[in-house]
Amino acid sequence: LRTVGDSRPGFGALGGIYTAVVEAPAPVVCVAWDMPFVSETLVRTLATGLDHHDAVLPESGGRRGVEPLCAAYGPACRQAIADCLDDGNLRAIGFHDRIRVGTLPLDQVGALADPDLLFFNVNTADDLARADQLWRQRASSP
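According to the working numbering, the residues represented by the sequence shown are 1455 to 1596, in order.
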């Protein structure tokens, strides 16, 4: 797996998404490093949605309603993100009004797996302990 440093350091998650869409020769699926339970099926489903959209985000029960750090992004996002970075708008969804955005509805996400598990974030030691517990439960399930 090729690793690339941010092409525009200091711009947070949006800078990382920008680097991915600029450096990749094809559309990308970006997943935050702290989401250990994102499934291959979800990734493939998001990527398939790029046939009709510039970006595809799964709906979730989170505060935004969608997960921009677990989403598929096509080449049309490059300039839209660059413009946001130039304007100092670092919101991960700040460029969505400039592109065609599709969503994977929550019921379809739920058909793949429990959204709370798919989008579980590991940000603290307690989260890590919970992730370990969840992983062990999954591994022991038939």
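Glycine included, each C-beta is placed from N, C-alpha and C at the ideal position.
As the structure is a computational prediction, the values presented were derived from the model and not from experiment.
DSSP places L1558 in no alpha helix (DSSP H) but in the uninterrupted beta strand (DSSP E) bounded by 1555-1558.
The closest CA to that of L1560, considering only I1553, F1549, L1572, is found on L1572. Following the DSSP letters along the chain, one finds V1492 in no beta strand (DSSP E), marked with neither H nor E. Assigned with DSSP and collapsed to three states, P1479 falls in coil, not helix or strand. With respect to the C-alpha of P1463, the residue from L1539, L1588, Y1527, F1574 having the closest C-alpha is L1539. In this structure, H1550 lies away from A1585, with their beta-carbon atoms at least 9 Å apart.
The DSSP-derived three-state label of A1546 is coil. For A1509, the secondary structure class from DSSP, reduced to helix, strand or coil, is strand. Contact between P1481 and G1515 does not hold, since the beta-carbon distance rounds to 26 Å and is not under 8 Å. In the DSSP annotation of this structure, the continuous segment of the alpha helix (DSSP H) that includes A1536 starts and ends at 1531-1541. With fewer than 16 other beta carbons inside 10 angstroms of its own, A1583 counts as exposed.
Per DSSP, reduced to three states, the secondary structure at A1526 is strand.
By alpha-carbon distance to E1521, the top candidate from A1534, T1495, V1485 is V1485. Per the DSSP secondary-structure output, V1563 pairs with nothing in a beta bridge.
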